[in-house]
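This report concerns only the one structure given below.
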Amino acid sequence: MKFKVTILLLLVGFFGNAQNYHHISPPKTYWQSYGFQKQPDHAKIAYYKSDSLGYQPVMAEVYSFNKDGHIIQKYTRIYGSNGSETAKNYVYKNGVLDSINTKTSAESFNSSQKMHYDAKGNLIKITSTGKYATYTDTFTYDEGGMLQTMTRRNATGTKAFLEFIHKYNYIKETTTEKSGRIIESCYMYEGDDIFASFTISKKQRITFYDKIQRMEYELEDIENPFEYALKLRTSYKKNNKVLAETFNKTASKIVFDIPAEARNEQGDWIKRIQFDRRFGSQKRMVFQYLKYADGTESGSTDFDLIFEMKVKHYK
């Protein structure tokens, strides 16, 4: 996990499309930080709901990049009675991210973020304006230029403070609400990928992110969650199957998984089936079309009936 913000690149590593960990972070702009294996011009992703009655689209996403490999727009459309459209536009000046402007079909959710840099090209502040997005982010760095702390002060009175502990590869987040209530969370990484996350509470719960198995596990009632996660990460470095082996022996719960997917010759996924099990079991068939920077194309957003037949046994 290398949190270094430079004049050319703002990068934070994420585990694919991991669903349920959300710590604030600098904006990610480079194509590799979105999980692609080859530089894209744009990528289109279609999410379908599928059952015995047929299938229908529920969400679409489009990621567009410039020739330098920096994202210039993320577009999201949600279908249905509560449908919406959101376009997040990234503006650059001299190759450096200058601002992010978000436009939505519900105008009250529009917002704008302005970046501020020091003489070394380090991002030191973000000012955000919007009805529901008025806040200021500030950043500090160590002597080696690595991101050390990030603080977000919301207009609502809430404050979030993040410490980036590079020696042990984790982030500690402390949120202070307007009422004075304090919430502490931890996000542990293995390399650039999220490995585990938890929030201190009476009923202690840890979420583990298994990149190899493409699963997220939840484990409850852990007395010392940090030590438990640290020990498992050490074992994982020696044997990347240790998470699956451990949770097969415990009373854990799979909360998100991608049991099957297909990839192209570049290594990018183009079709997959995924389940979100936090609220019941939400099944989605997901298809991706990629146009790469060199003009080559791969995949499709059309529903693939043959792929559905191959994976229909997953429930």
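In my numbering, the protein residues as written are 24 to 338. Ideal Cβ placement from N, Cα and C applies to all residues, glycine included.
A straight line joining the alpha-carbon of Arg204 with that of Asp327 spans about 49 Å. A contact is defined here as three or more CB-CB pairs under 8 Å, and the segment 57 to 69 meets this definition with respect to the segment 87 to 96. Ser208: member of the beta strand (DSSP E) spanning 205 to 213, first to last residue.
Around the CB of Ile188, fewer than 16 other CB atoms lie within 10 Å, so the residue is classed as exposed. For Thr222, the CB contacts under 6 Å within the same chain, skipping 5 residues up- and downstream, are Ser208 in chain order.
Under DSSP, Ile229 shares a beta bridge with Phe221, Leu242.
In the DSSP assignment, Ser134 forms a beta bridge with Thr125, Gly153. Taking each of Ala156, Gln96, Lys148, Tyr78 in turn and checking the Cα distance to Ser131, the smallest one comes out for Ala156. Distances from the alpha-carbon of Tyr315 to those of Ser304, Trp54, Ile47 put Trp54 closest. Ile229 places its beta carbon less than 8 Å from that of Tyr251. Residue pairing by DSSP places Gly77 opposite Asp74 in a beta bridge. Membership of Phe330 in the alpha helix (DSSP H) is indicated by the continuous run 328 to 334. Between His46 and Glu196, the C-beta spacing is below 8 Å. For Glu250, the enclosing alpha helix (DSSP H) starts and ends at 248 to 261. Take the alpha-carbon of Pro80 and the one of Thr99: they are about 13 Å apart. Secondary structure of Ala274 (DSSP, three-state): coil. Here Asp291 is not near Gln96, since their CB atoms are 8 Å or more apart. Each residue's CA atom was taken as its position, placing Asp165 and Leu313 some 38 Å apart. Relative to the Cα of Phe302, the nearest Cα in the group Gln311, Ile293, Asp317, Lys276 belongs to Lys276. Looking from the CA of Met169, the closest CA among Gly144, Tyr210, Lys154 belongs to Gly144. Within a 10 Å sphere around the beta-carbon of Met332 sit fewer than 16 other beta-carbons, which makes this residue exposed. Cα atoms of Tyr70 and Leu242: separation of roughly 28 Å, rounded to the nearest angstrom. Within the segment 79 to 108, the beta strand (DSSP E) runs of at least 3 residues that lie entirely inside it are, in chain order, 94 to 101. Secondary structure of Thr197 (DSSP, three-state): strand. Ranked by Cα distance from Tyr158, the first of Ile147, Lys182, Tyr140, Thr172 is Lys182. Rounded to the nearest whole angstrom, the C-alpha separation of Glu186 and Gln171 is 6 Å. Leaving aside the five residues that flank Lys137 on each side, the residues in its chain whose CB is nearer than 6 Å to its CB run, in chain order, Ser122, Thr150. At the C-beta level, Phe231 and Tyr240 come within 8 Å of one another. Sequence-distant Cβ neighbours of Glu284 in its own chain, meaning closer than 7 Å and more than five residues away, are Trp292, Lys294, Arg295. Taking the CA atoms as reference points, Glu246 sits about 17 Å from Tyr210.
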